[in-house]
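Everything on this sheet refers to the single structure shown next.
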Amino acid sequence: MHKSYDLYFVSSNKHKFLEAQSILNLHGINLRFLKSNLKELQSHSLQKIALAKAKDAFSKFHKPVIIEDDGLFIDSIEGFPGPYSSYVFKTIGNKGILNLLNNKRKAKFVSIITYCDKTTLKSFQGQLCGKISKTQKGKGWGYDPIFIPNNSTKTFAVMNNKNKISHRYIALKKFSKWYLRKKE
């Protein structure tokens, strides 16, 4: 059994926190939530956005923090919405995305987890390939009702094991291995 370490997840999105908390608890990392609207750099790079958000979060709270930035990248529309996924979801939603697509539905979800404390700023990326469904299925949050991972027929919204395969899980697993070694 690992020791328990306190760490703060800074976000305005409680759903992201709850997913991250359930994943990191398995690794002995006690994740706490600090709700905050962080400055969102406008960039084509998730990495740059995540680094800026992590610095902003640490400057506000002066505690070891992680933030998560992610994007849905759809091949047939040149990787759109990508880093603009949150804005696109708020404006046109899943129905708007479905209306934009033809028969080419290949997509990927990318998650960047960034850690920041007084001396360290480090990111971890997770990526999961899949496709966009033809209709919304399930009542999950965000793009979960329209994203089907490769080797599945179900959207994230109807899966019971999303937190064991998602882009966020992959990034958090990489982070937890690094973080626990750092704490030894």
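Under this note's numbering, the first residue of the sequence shown is numbered 11, with each subsequent residue one higher. Built from N, CA and C at the ideal position, the CB exists for glycine as well.
Buried/exposed call for residue i, threshold 16 Cβ in 10 Å
i	result
residue 176	buried
residue 29	buried
residue 193	exposed
residue 80	buried
residue 104	buried
residue 136	buried
residue 130	exposed
Which of helix, strand or coil DSSP assigns to residue i
i	result
residue 21	strand
residue 176	coil
residue 140	strand
residue 115	coil
residue 132	strand
residue 11	The predicted model places residue 11 with a pLDDT of 41, which falls under 50 and marks its position as unreliable; any figure quoted below should be read in that light. Coil at residue 11, not helix or strand.
residue 28	helix
residue 152	coil
residue 193	helix
residue 102	coil
Per DSSP, cross-strand counterpart(s) of residue i
i	result
residue 78	123
Nearest neighbour of residue i, chosen from the options [CA to CA]
i	options	result
residue 146	58, 44, 83, 167	167
residue 74	82, 80, 65	65
residue 92	98, 100, 99, 83	83
residue 181	116, 134, 154, 189	134
residue 113	44, 33, 87, 128	87
residue 47	189, 89, 20	20
Discussion item. Does the structure place the segment 58-76 close enough to the segment 110-127 that three or more beta carbon pairs sit under 8 Å?
Written reply: At 8 Å Cβ cutoff, the stretches touch.
Discussion item. Using 8 Å as the cut-off, can you tell me whether the segment 158-167 makes contact with the segment 137-146, which would need three or more C-beta pairs spanning the two stretches below that distance?
Written reply: yes
Discussion item. Does the structure place the segment 93-102 close enough to the segment 31-40 that three or more beta carbon pairs sit under 8 Å?
Written reply: no
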